[in-house]
Amino acid sequence: MTKIIIKTEKLCKTFSNGGNQQHVLKNLDISLIEGDFTIIMGSSGSGKSTLLYAISGIDKPTLGEINFGGKNLAKLNNDQLAIFRRNNCGFVFQQIYLLDNMSVLDNVLASGLLVNKNKREVVQKAKELLIQVGISENAWSKFPTQLSGGEAQRVGIVRALINSPRILFADEPTGALNSASSESVLDIFTKANQNGQSIVMVTHDMKTALRGNRILYLRDGVICGDLKLGEYSEQKNLERLEKIKHFLAEMGW
């Protein structure tokens with residue numbers, strides 16, 4: 000039985016620029032299903048990141064409602080939103096934002112201890128997750144500047160997963176990585192989703208979009224396409240890629 004984890008109603012976001020109103024999101028009605036790997040695509044300026052930030056509670060909508068697990072995020076104040084994000088959301092961005100003066104392990108623990116005060120439990124989980132993503136013990140004491148881009152992003156994913164978020168939000172997480180590192184990072188997202196993790200990811204890359212089971216396409220702040228791909232299978236990559244190419248061509252991408 001499918002369960003809706005996020006539902007928006009008449010979601011709007013408007014920015015003021017020199018007295019001019021820029022309507023970035025326009026009356027969006029979206030339902031996101033728990034356990035899905037949802038990809039958000041669209042041309043530059045279509046509102047992809049703005050939508051991601053709104054539904055995750057990073058930014059407030061101008062109008063409309065965002066029901067996230069029974070909470071209307073539009074009605075929460077900034078402090079309430081911060082607590083809600085901490086307890087329900089994980090974030091992975093193109094810019095990784097690891098703390099340079101803290102080791103790999105401490106970067107993860109700093110996030111985990113905000114939610115779980117049992118340090119022993121947090122340390123154990125952090126180490127297990129780091130091993131799962133291929134960050135070996137001899138790298139745990141390193142500082143972020145000593146890591147490759149792919150390694151740093153994998154640490155960023157562990158930091159995002161340490162509190163068992165209801166949804167993992169990602170904004171172009173492979174945008175600054177080479178192809179080998181990108182595949183490694185995407186494998187981690189795929190495995191997490193196959194283990195039940197809900198994911199919402201913004202990307203402009205078709206190979207990244209392959210990993211999702213649903214693609215939402217934005218044009219000028221409006222959802223104009225919704226493609227269901229089904230569960231990811233590497234053996235069906237060519238078939239999935241053709242579906243995506245056809246879909247994006249229809250969208251005028």
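Mapping the sequence shown onto numbering that gives the first Met the number 0, position 75 (from 1) lands on 74, and the numbers just tick up by one. A virtual CB, placed ideally from N, CA and C, is assigned to each residue, including glycine. Owing to the predicted nature of the structure, the values given are computational and were not obtained by experimental measurement.
(1) If you draw a straight line from the alpha carbon of Ile5 to that of Ile57, how long is it in whole angstroms?
(2) Nearest-angstrom Cα distance between Ile214 and Phe246?
(3) What is the DSSP secondary structure of Gly61, reduced to helix, strand or coil?
(4) Just confirm the distance between the C-beta atoms of Asp35 and Glu8, as a whole number of angstroms; I'd bet it's less than 8 Å.
(5) Tell me which same chain residues have a C-beta within less than 8 Å of the C-beta of Leu303, skipping the five on either side of it?
(6) What separation, rounded to the nearest whole angstrom, lies between the Cα atoms of Ile82 and Asn76?
(7) Among Ser147, Arg158, Leu228, which has the Cα closest to the Cα of Asn177?
(8) Just to confirm my understanding: we take Val184, look at its own chain, exclude 5 residues before and 5 after, and list those with CB closer than 8 Å. What are they?
(9) For Ser42 and Lys242, what's the separation of their Cα atoms in angstroms?
(10) Expressed to the nearest angstrom, what Euclidean distance is found between the alpha-carbon atoms of Gln193 and Phe142?
(11) In terms of residue numbering, what span does the alpha helix (DSSP H) encompassing Asn86 cover?
(12) What did DSSP end up calling Tyr216 once you bin it into helix, strand or coil?
(13) Only counting the same chain, and skipping five residues up and downstream in sequence, which positions put a Cβ closer than 7 Å to that of Gly68?
(14) Buried or exposed: where does Ile130 fall if 16 or more other Cβ atoms within 10 Å of its Cβ makes it buried?
(15) Could you give the distance in angstroms between the alpha-carbon of Asn66 and the alpha-carbon of Ser135?
(16) Would you call Gly18 buried or exposed, if buried means 16 or more other Cβ atoms sit within 10 Å of its Cβ?
(17) If you run the structure through DSSP and keep just helix, strand and coil, what is Gly155?
(18) Do you know how far the Cα of Lys74 is from the Cα of Glu64?
(19) Please name the residue in Asn16, Leu217, Lys59, Ile187 whose C-alpha comes closest to that of Val201.
(20) Taking C-alpha atoms, which residue in Gln21, Thr13, Lys25 lies nearest to Gly220?
Result, derived from the coordinates:
(1) As a position in the sequence shown, residue 5 is number 6, starting the count at 1. As a position in the sequence shown, residue 57 is number 58, starting the count at 1. Rounded to whole angstroms, Ile5 to Ile57 spans 15 Å at the Cα level.
(2) The residue you call residue 214 lines up with position 215 of the sequence shown. The residue you call residue 246 lines up with position 247 of the sequence shown. Whole-angstrom Cα-Cα distance: 9 Å.
(3) Taking the sequence shown and counting its residues from 1, one reaches residue 61 at position 62. This sequence places Thr at residue 61; Gly is not what is there. When DSSP states are grouped into helix, strand and coil, Thr61 belongs to the coil group.
(4) In the sequence shown, counting from the first residue as 1, residue 35 sits at position 36. In the sequence shown, counting from the first residue as 1, residue 8 sits at position 9. In fact, because the Cβ distance is near 19 Å, the residues do not count as touching under 8 Å.
(5) Because the chain in this structure spans residues 0 to 252, residue 303 falls outside the shown range and cannot be described.
(6) If you number the sequence shown from 1, residue 82 lands on position 83. If you number the sequence shown from 1, residue 76 lands on position 77. Answer to the nearest angstrom: the Cα atoms are 10 Å apart.
(7) Indexing the sequence shown from 1 puts residue 177 at position 178. Looking from the CA of Asn177, the closest CA among Ser147, Arg158, Leu228 belongs to Ser147.
(8) Here residue 184 corresponds to residue number 185 of the sequence shown, with the count starting at 1. A distance below 8 Å between beta-carbons, with the five flanking residues on each side excluded, links Val184 to the following residues of its chain, in chain order: Gly149, Gln152, Arg153, Ile156, Pro172, Thr173, Leu176.
(9) Residue 42 sits at position 43 when you count from the first residue of the sequence shown. Residue 242 sits at position 243 when you count from the first residue of the sequence shown. Across the structure, Ser42 and Lys242 are spaced so that their CA atoms are roughly 18 Å apart.
(10) Taking the sequence shown and counting its residues from 1, one reaches residue 193 at position 194. Taking the sequence shown and counting its residues from 1, one reaches residue 142 at position 143. In this structure, the CA atom of Gln193 is about 31 Å from the CA atom of Phe142.
(11) Walking along the sequence shown from the start, residue 86 turns up at place 87. Run containing Asn86: 77-87, per the alpha helix (DSSP H) assignment.
(12) Walking along the sequence shown from the start, residue 216 turns up at place 217. In this structure, Tyr216 counts as strand in the three-state DSSP scheme.
(13) For the purposes of this step, residue 68 is identified with residue 69 of the sequence shown, where counting begins at 1. The beta carbon of Gly68 sits closer than 7 Å to those of Ile4, Asn87, Arg165, all from its chain and outside the five residues before and after it, given in chain order.
(14) Counting from one through the sequence shown, the residue named residue 130 turns up at place 131. Ile130 should be labelled exposed.
(15) The count along the sequence shown starts at 1 and reaches residue 66 at position 67. The count along the sequence shown starts at 1 and reaches residue 135 at position 136. Here the alpha carbon of Asn66 sits roughly 39 Å from the alpha carbon of Ser135.
(16) Position 19 of the sequence shown, counted from the start, is the residue given in the question as residue 18. With fewer than 16 other CB atoms across the displayed protein chains lying within 10 angstroms of its CB, Gly18 is exposed.
(17) Within the sequence shown, numbered from 1, the residue matching residue 155 stands at position 156. Helix.
(18) Residue 64 sits at position 65 when you count from the first residue of the sequence shown. Residue 74 sits at position 75 when you count from the first residue of the sequence shown. If you take the alpha carbons of Glu64 and Lys74, they lie about 8 Å apart.
(19) Residue numbering aside, residue 201 sits at position 202 when the sequence shown is read from its first letter. It is Leu217.
(20) The sequence position of residue 220 within the sequence shown is 221, counting from 1. Nearest of Gln21, Thr13, Lys25 to Gly220, Cα basis: Lys25.
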